[in-house]
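Position 28 (the sequence shown) corresponds to 33 in our numbering; numbering is contiguous.
Note that beta-carbon positions come from the ideal geometry of N, C-alpha and C, so glycine has one too.
Data block below; observations after.
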Amino acid sequence: MQTIFVQVKCELGKAYAVAEDAIESVESISEVYSTSGHYDLFLKCYLEDGADIGHYVTEKIQTLPGVKETFTTIAFKAFT
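Next up, the structure:
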């Protein structure tokens, strides 16, 4: 499994709607957090090995109504 984190900037007043839509309609998202700062939401996603991260983000997340901008971080190793 590949782990990625996607920070999402939403249109004004749309963060809760985007969060609910992401949880309900986008596979591979395990957690969604509201955040303060430059981005409104923080998504934790688990993708199958070899999955195309660029296509996943641009086709599944950036196309959600109310999404204005995204910033993706690819995780390499989880330390426990």
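Asked                                                                                   : Found
Contact test: Glu29 Cβ vs the ligand FMN heavy atom, cutoff 7 Å                         : Among the components of this structure there are no ligands whatsoever, and the ligand FMN is therefore not found.
Selection from Val72, Tyr21 and Tyr61 that minimises the alpha carbon distance to Cys50 : Tyr61
N- and C-terminal bounds of the beta strand (DSSP E) containing Ala80                   : Val72 to Ala80
Between the CA atoms of Leu48 and Gln7 - distance to the nearest angstrom               : 14 Å
Rounded Cβ spacing between Thr77 and Val11 (contact assumed at less than 8 Å)           : 5 Å
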